[in-house]
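Note sheet for the following structure.
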Amino acid sequence: MSAANVRALLPSLDWVSDDKEREKLSKDYYWFSPLLKAALDDKRADEVVRPADRDELASVVAACAKARAPITLRGAGTGNYGQAIPLSGGVVIDLSRLNRVLAIGNGMAQVEAGCKLLDLETAVNAAGFEQRTYPSTFRMATIGGLFGGGFGGVGSINFGPIYTPGNVLSVTVLSVAEAPEYVELHGDDCLALAHAYGTNGIIVEMKIALAPLQHWNETTASFASFESAMRFGAALAAAPGIIKKQCGVFAPGFTKYMPLLKKHIVADQPYALCLIADSGEAAYRALVAQFDGVVGHWASAREAAERGRYLHEFAWNHTTMHVLRLDKSFTYLQCLLTDPVKQATALHDLLGPRVMMHFEFIRNAEGAISCGGLPVLPFESKAQIDADIATFESNGAYVMNPHVFEVEEGNSRQIDPKQVAAKLRFDPLGLLNPGKLKGWDTRS
Ligand SMILES: Cc1cc2nc3c(=O)[nH]c(=O)nc-3n(C[C@H](O)[C@H](O)[C@H](O)COP(=O)(O)OP(=O)(O)OC[C@H]3O[C@@H](n4cnc5c(N)ncnc54)[C@H](O)[C@@H]3O)c2cc1C
0 MSAANVRALL PSLDWVSDDK EREKLSKDYY WFSPLLKAAL DDKRADEVVR
50 PADRDELASV VAACAKARAP ITLRGAGTGN YGQAIPLSGG VVIDLSRLNR
100 VLAIGNGMAQ VEAGCKLLDL ETAVNAAGFE QRTYPSTFRM ATIGGLFGGG
150 FGGVGSINFG PIYTPGNVLS VTVLSVAEAP EYVELHGDDC LALAHAYGTN
200 GIIVEMKIAL APLQHWNETT ASFASFESAM RFGAALAAAP GIIKKQCGVF
250 APGFTKYMPL LKKHIVADQP YALCLIADSG EAAYRALVAQ FDGVVGHWAS
300 AREAAERGRY LHEFAWNHTT MHVLRLDKSF TYLQCLLTDP VKQATALHDL
350 LGPRVMMHFE FIRNAEGAIS CGGLPVLPFE SKAQIDADIA TFESNGAYVM
400 NPHVFEVEEG NSRQIDPKQV AAKLRFDPLG LLNPGKLKGW DTRS
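Note that numbering that gives the first Met the number 0 gives residue 311 to position 312 of the sequence shown, counting from 1, and the numbers run on in steps of one.
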């Protein structure tokens, strides 16, 4: 039996018939990497379905299991790394209709996996809370996609990645079997499904911890040197009295690709983009001055959002998108720094301005101040990418290579036995996103 048989068995479901739409729903933002573009351009699903509820989801999963048809899960398809691209055809299950916010209370929210982060934020804001962390794609991305393929972003300076213990409290998983079952996992047991690219279980519902709602201000500050900008960022990240939600540090080259931002930055100077609570304004301004910086912009984030603008859309991996929009010859790397000021400054001195440096201050899952890096660089060849990765690594950076599509290769490069064990439990037939979890393919 094939994916077409699955469709024939369940004709009343919302199947995508338009060929172009099917192609679109088989793809994500893999094209940020020319290497992934070459490897994945011709991959696509045979069928795409949008189940309306849990029952429809279970029926299509059961039919796929009977047909032994591969399944690839899709939230909004904003992932990089080709995470949501089926390598072996089969059925893409688009979860965007399972999108209800089920309950909010006591600093927690219960939500279906296909809920868009912007819709979730609107709902929790109305109850006096906000999400602890979300990616710069939060207008489009889903909570299930963030947990299944993402890291975090805005807010990670306080709460670390989404998979930091305490951020996600429980997940409801649907197993892939001829008689699929819903299973609830709690605490650390959930983490085996984090960043597993939907290879080891279908996340249907999540319970997440929230933060108290604050009024945020978007602000920019320019600095005479990259080192001073990094020193400022490290000091802000560590300042316990200044309530913040975001601090990214950028090489001056980026403003060429972001005309809207240009007017807020001193020409040709490195800069920081931050979100600061009202109470932190005076201390933030004093900290910028302490590092000989200049505040260029300070405005209510709520008012900016009402106008449809978010400062974070100039940060995180939106930087790569802005650059690629004007010049397709660029690509990017992703890395983590453990000694941000020293490592970032050394890398900037060695590789800049060819490599445009960009680092976001975060806490890691253990609570230490760290930096996520999203440097943008011209693409020359795989050899050049490998050489740049080697330079980052020899300066202490931990590179999460965004030019590969396997879970392990793009992350720790280690097989995680917990991820493989979860796949054995929830996908014993090996139908979920086949070819992405190396630990499964090599389990013997
Ligand atoms: C411009 C740009 C900026 C970005 N910035 C950030 C950032 O700041 N931080 C960050 O972390 N990421 C970032 N990303 C990557 C991506 O947007 C996020 O990871 C986002 O949370 C993915 O959500 P999604 O709904 O689009 O997931 P998708 O792309 O649809 O899915 C991601 C992965 O999760 C799996 N998946 C989806 N839903 C489920 C489910 N219910 N159960 C199990 N598995 C599932 C999919 O199969 C896929 O492997 C960025 C990407 C772009 C293009």
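Yeah, the Cβ is synthetic: ideal placement off N, Cα and C, and Gly gets one too.
Sheet register partners of residue i (DSSP bridge)
| i | result |
| --- | --- |
| GLN461 | Here the chain has residues from 0 to 443 only, and residue 461 is not among them. |
| PRO164 | VAL167 |
| GLY371 | LEU335, GLU359 |
| LYS381 | DSSP output for LYS381 lists no bridge partner at all. |
| GLN475 | Only positions 0 to 443 of the chain appear in this structure, which leaves residue 475 out of reach. |
| VAL172 | VAL182, ILE202 |
| LYS115 | THR141 |
| LEU431 | ILE70 |
| TRP215 | ALA276 |
| ASP93 | ARG73 |
| LEU376 | THR330 |
| ALA220 | ALA271, VAL294 |
| VAL123 | DSSP, once it has assigned bridges, lists no residue as partnering VAL123. |
| GLU46 | VAL90 |
| TYR397 | LEU335 |
| VAL444 | Any question about residue 444 goes unanswered here, given that the chain covers just 0 to 443. |
Assumed close pair residue i, residue j - CB separation to whole angstroms, cut-off 8 Å
| i | j | result |
| --- | --- | --- |
| LEU310 | LEU272 | 6 Å |
| TYR331 | PHE31 | 6 Å |
| GLY232 | ALA314 | No, GLY232 and ALA314 are not in contact; Cβ-Cβ is about 12 Å, not under 8 Å. |
| HIS357 | LEU34 | Wrong, their Cβ atoms sit about 20 Å apart, outside the cutoff. |
| ASN446 | LEU274 | Residue 446 is absent from the structure shown; the chain starts at 0 and stops at 443. |
| VAL322 | VAL375 | 5 Å |
Separation of residue j from residue i, as counted between CA atoms
| i | j | result |
| --- | --- | --- |
| ASP291 | ALA228 | 9 Å |
| LEU191 | GLY144 | The displayed chain sequence assigns Ala, not Leu, to residue 191. Answer to the nearest angstrom: the Cα atoms are 15 Å apart. |
| VAL265 | LEU259 | 13 Å |
| ASN124 | ALA102 | 13 Å |
| ILE242 | ALA210 | 12 Å |
| PHE137 | LEU94 | 16 Å |
| ASN400 | ASN410 | 7 Å |
| ILE202 | ASP187 | 15 Å |
| VAL91 | ALA57 | 14 Å |
| ALA108 | LEU39 | 36 Å |
| GLU111 | LEU325 | 36 Å |
| PRO239 | PHE404 | 38 Å |
| VAL59 | VAL406 | 25 Å |
| GLY113 | LEU119 | 10 Å |
| VAL293 | PHE222 | 7 Å |
| VAL47 | LEU423 | 25 Å |
| LYS261 | ARG284 | 20 Å |
| THR390 | CYS334 | 12 Å |
| LEU349 | ARG73 | 39 Å |
| GLU379 | GLY81 | 21 Å |
| GLU392 | ALA367 | 20 Å |
| PRO478 | PHE150 | Residue numbering for the chain in the displayed model covers 0 to 443; residue 478 lies beyond these limits and cannot be assessed. |
| ARG43 | THR141 | 21 Å |
| VAL5 | ASN432 | 17 Å |
| ARG67 | SER1 | 8 Å |
| SER224 | LYS341 | 14 Å |
| GLU359 | GLY372 | 6 Å |
| ARG96 | ASP385 | 40 Å |
| GLU183 | SER169 | 7 Å |
Host alpha helix (DSSP H) of residue i (start-end)
| i | result |
| --- | --- |
| TRP30 | Here TRP30 belongs to no alpha helix (DSSP H), and DSSP marks it neither H nor E. |
| TYR283 | 280-289 |
| VAL5 | 2-8 |
| GLU226 | 225-237 |
| PRO352 | Run containing PRO352: none; DSSP gives neither H nor E here. |
| LYS417 | 416-425 |
First and last residue of the uninterrupted beta strand (DSSP E) at residue i
| i | result |
| --- | --- |
| SER299 | 293-299 |
| GLN458 | This structure cannot settle anything about residue 458, because the visible part of the chain is limited to 0 through 443. |
| CYS63 | Per DSSP, CYS63 belongs to no beta strand (DSSP E); it is in the alpha helix (DSSP H), 53-66. |
| ALA276 | 270-276 |
| LEU72 | 70-73 |
| TRP14 | Unbroken run through TRP14: none, as it is neither H nor E. |
| VAL403 | First-last for VAL403: undefined, no H or E at that position. |
Residue i beta carbon near ligand 2 (any heavy atom closer than 7 Å)
| i | result |
| --- | --- |
| ALA83 | Absent from the structure shown: ligand 2. Ligands present: ligand 1. |
Tell me, please, whether the stretch 173-184 touches the stretch 415-432 by the rule of three or more beta-carbon pairs shorter than 8 Å.
yes
Could you tell me whether the stretch 278-292 touches the stretch 247-256, where touching means 3 or more Cβ pairs closer than 8 Å?
no
Does the structure place the stretch 153-161 close enough to the stretch 127-141 that three or more beta carbon pairs sit under 8 Å?
Contact holds: three or more Cβ-Cβ distances are below 8 Å.
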